[in-house]
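One structure is given below, encoded as structure tokens.
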Amino acid sequence: MPGNVLRVAILVVSTTAAKDPSTDQCQATLTDLFKSRPGQWEVVDKKIVPDGIKDIQKQVTIWTDHENDPPINLILTTGGTGFSVGDITPEVGSSITAKIVAVQEFISNGMYIGNFSATRKESTWPCSCDVGIFITSDSIFSNIQFQVAMMSRPVAGVRDRTVIVTLPGSPKGAKENLEALINTLPHACMQTSRMGARELHGAKSNATPESGESIDKGQINTPRNQSGGHGQPHCHHHGGGYAQGHGQLVRHTKSIGVSAASNDPSLGPSRRYRESPYPMLSVEEALLVIGKQMPPPEVVQSLLDGKIAGSVLAQDILANENIPAFRASIVDGYAVVVPPDGNMKGVFPVTAISHASASEENHELKEGQIARITTGAPLPKGATSVIMVEDTILKSTTADGKEEKEVEILADGVKPNENIREIGSDIAKGTIVLKKGEKISGIGGEIGLLAAVGATQVQTYHRPTVAVFSSGNEIVSIEDKTNLLLGQVRDTNRPTLLSAIQNFGFEAVDCGIAQDVTGSLENKLRECMRCADVVVTTGGASMGELDLMKPTIERVMGGTIHFGRVNMKPGKPTTFATVPFKDNNGNRKTKAIFSLPGNPASALVTFHLFVLPALQQMAGERLPGLPKAVVTLKHDIILDRSRPEYHRAVVSATREGTLDAYSTGGQRSSKVGSLRSANALLCMPSGLEPAKAGTKVEALLMGPLNGL
């Protein structure tokens, strides 16, 4: 990039300045400093946001991910770098610069040194001071002014093609910190602009921060990276039979309130939330949230082939021609010209033959003549009715005996237009044969109708493609034939969900397994978003120290978690989020992510309750979700004391026309056997007393009813 001007954006983090921009002096101070170096820097944008995590994240991700081509090379934030409760800029900066190059320690240390040189009156250190001097100088720690400067917590990192640096909120502090870096920043900006962050991370393993080369982020050993506790054993419960044997979760303390944001993995397990910060929504509320956030159906052109089954029409289908397009016989028999008295008894010569085939000839029939005709064949000109072959007798044949010569008709009282399909009597030209919003079933009726009217290509709503992956260090693919080690479990969720998705007519993409590492999850999520419309994950959605799905979506990818808890059993940690994304063509889109619990029963239940309606909505279906029916319990069912439960059951139809429901047995969320043969979810309320046999409850039907 030599010779090119580097583009800069300045973000002031200050609730006061957000209310009254005239109180801010940092923008002007930093802009003047860049102007003092003409031809090298250009300040292209300046914003002010309050001290809020989402406000900071949103603006930074807009600059880095969304709107700028050519990219912004450098983002400077000012304010929020101290140690007060509201000073959160470094934490936000760290969370959104996950594609970080050694946290650019030499740059951050340069700011510390700059702080020191600015506060030590006798200092004549240059901007590129040796870090060793900073670490070993005893006088630093006795200098009161430097101790004040140390209260600034600088963070520097890389997101996509942009370097991000946090500066203090005072104009003087911001200027002095920037002066300490400004000679080094062009090289960092050129590196990130010349290659993407992924390529930087793939540099040679012997690279060092000091050399200016990139370091693989897996090799960085900083206190922040070490505090994540990734070596601690944990389990997401993807397989059956390995959870605790009790059926009810037991808690001995009441909930306490915490702020609504995901855990910061860099703070380690000791500082993670002890209570989920996400509000508890009802199932109905969660469905409303999903409905509002899912993108509208996309119209596509579909050919009339086997793949169209399951699609929803995006247009009215009109008949372009009459069906039939000619007067056709309904039966095999003889076309006749009916006399005024209707008496057709007698012997008549067979003067023509009409078969159901293409023909340009149409023999004209006169009174006293008949024509042999087959079902569906066009009537000869002049014919007014058709006599069934059952009402005739063969009287004579041609000399070779191969054709009929004369036929006796036994019918009397024949009326015109008997046994005839008139033009357009099945479908009249211009008639709407299928309406917009109707689903083309796999039974064949709609496809047959489309074929009849010549609609070989129609507009339908795109059926979304779904990417599925499981997460967890303990998960072993079912393709792995080796014996399981202690703590490992088979991946039951992925094949289960792939099967369920395909069963409802959607394309499913198997994206494998991701490890419980923020970078691994981010890479897997982005891989899924590139190849599918919707992403479904299982595991890592709860409160464990290695449950990193929510932090990765919210902190690393700049996504929005619309809900993170649902008042239901099973499936309480179910999470729904949207993430801004650029597709392979550079188009900006928002992708939906469903992070389902790792327990097998929870994963499948929440798929049917939340993911399926979302997919059906995207596909244009009028009534998304499972069909409902009222069923009768055939035995008592114990209710959960605090949460409504979606009880796996088998529903059968009786000869009396009622529906009977039988529980599949133990309903623990890890018990994959509870799904065997289940074709319904019973909507059971919370309560202290069991629901008695004979009680009528609502059921969501997942599959066909059992026979009588």
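Residue numbers for the sequence shown, in mature numbering (1 follows the signal peptide of the UniProt record, and there is no 0): -18 to -1, 1 to 690.
Even glycine gets a Cβ: it sits at the ideal position worked out from N, Cα and C.
Given the structure is predicted, the values throughout are model-derived calculations rather than measurements.
Practice item. Measure how close the beta-carbons of residue 12 and residue 157 come, nearest whole angstrom, since I'm counting them as under 8 angstroms. Key: 7 angstroms
Practice item. Could you check the C-alpha separation between residue 600 and residue 578 for me, to the nearest Å? Key: 19 angstroms
Review point. Taking Cβ to Cβ, would you say residue 496 is nearer than 7 angstroms to residue 503?
Key: yes
**Study point:** Sequence-distant residues of its chain with Cβ nearer than 7 angstroms to residue 484 (five each side left out)
**Key:** 490
Review point. From residue 688 to residue 332, what distance separates their C-alpha atoms?
Key: 57 angstroms
Review point. Just reading off the beta strand (DSSP E) that residue 571 is part of, what are its end residues?
Key: 570 to 578
Review point. Do the CB positions of residue 441 and residue 285 come within less than 7 angstroms of each other?
Key: no
Check your understanding: Just how far apart, CA to CA, sit residue 305 and residue 411?
Key -> 8 angstroms
Check your understanding: At what residue ranges does the segment 501 to 555 contain a whole run of the alpha helix (DSSP H), taking only runs of 4 or more?
Key -> none
Review point. At a cut of 8 angstroms, does the segment 258 to 273 reach the segment 394 to 402 through at least three beta carbon pairs?
Key: no
Review point. What separation, rounded to the nearest whole angstrom, lies between the Cα atoms of residue 547 and residue 561?
Key: 18 angstroms
Check your understanding: DSSP three-state call for residue 172: helix, strand or coil?
Key -> helix
Exercise for review: Would you give the residue range spanned by the alpha helix (DSSP H) that residue 11 belongs to?
Suggested key: 8 to 17
Review point. DSSP on residue 688, reduced to helix/strand/coil?
Key: strand
Check your understanding: Does the distance from the C-beta atom of residue 662 to that of residue 633 stay below 7 angstroms?
Key -> yes
**Study point:** Spatial neighbours of residue 350 in its chain, beta-carbon cut-off 7 angstroms, leaving aside the 5 residues before and after
**Key:** 330
Review point. Distance, Cα to Cα, residue 384 vs residue 313?
Key: 22 angstroms
Check your understanding: Under a three-way DSSP split, which group does residue -2 fall into?
Key -> helix
**Study point:** Nearest candidate by alpha-carbon position, reference residue 362, set 346, 375, 370, 372
**Key:** 346
Exercise for review: Check each candidate in 642, 315, 454, 320 and name the one with the smallest Cα separation from residue 386.
Suggested key: 315
Check your understanding: Does the distance from the CB of residue 486 to the CB of residue 268 come in under 7 angstroms?
Key -> no
Review point. Taking all protein chains shown into account, do 16 or more other C-beta atoms lie within 10 angstroms of the C-beta of residue 236, making it buried, or fewer, making it exposed?
Key: In this predicted model, residue 236 has a pLDDT of only 41, less than 50, meaning its place in the structure is not dependable; the value taken from the coordinates is given anyway. Classification for residue 236: exposed.
Exercise for review: Assign residue 474 to buried or exposed, taking buried as 16 or more other Cβ atoms, counted over all protein chains shown, within 10 Å of its Cβ.
Suggested key: buried
Point to revise | CA nearest to the CA of residue 10, picked from 58, 353, 42, 592 | key: 58
Practice item. Take residue 498 as the anchor and find which of 559, 555, 453 has the nearest alpha-carbon. Key: 453
Point to revise | Residue environment, residue 67, which counts as buried when at least 16 other CB atoms sit within 10 Å | key: Annotation note: pLDDT 45 at residue 67 (below 50); position unreliable, coordinate value reported separately. Exposed.
Check your understanding: Out of 328, 14, 568, which has the shortest C-alpha to C-alpha gap to residue 377?
Key -> 328
Exercise for review: Report buried or exposed for residue 551, applying the criterion of at least 16 other Cβ atoms within 10 angstroms of its Cβ.
Suggested key: buried
**Study point:** Nearest-angstrom Cα separation, counted from residue 145 out to residue 170
**Key:** 7 angstroms
Practice item. Check whether the Cβ atoms of residue 593 and residue 518 sit closer than 7 angstroms, and answer yes or no. Key: yes
**Study point:** Whole-angstrom C-beta distance between residue 389 and residue 352, which should lie under 8 angstroms
**Key:** 6 angstroms
Review point. Can you give the Cα-Cα distance for residue 567 and residue 444, rounded to whole angstroms?
Key: 18 angstroms
**Study point:** Residues of its chain near residue -12, where Cβ-Cβ distance is below 6 angstroms and the 5 sequence neighbours each way are ignored
**Key:** 24, 26, 54, 55
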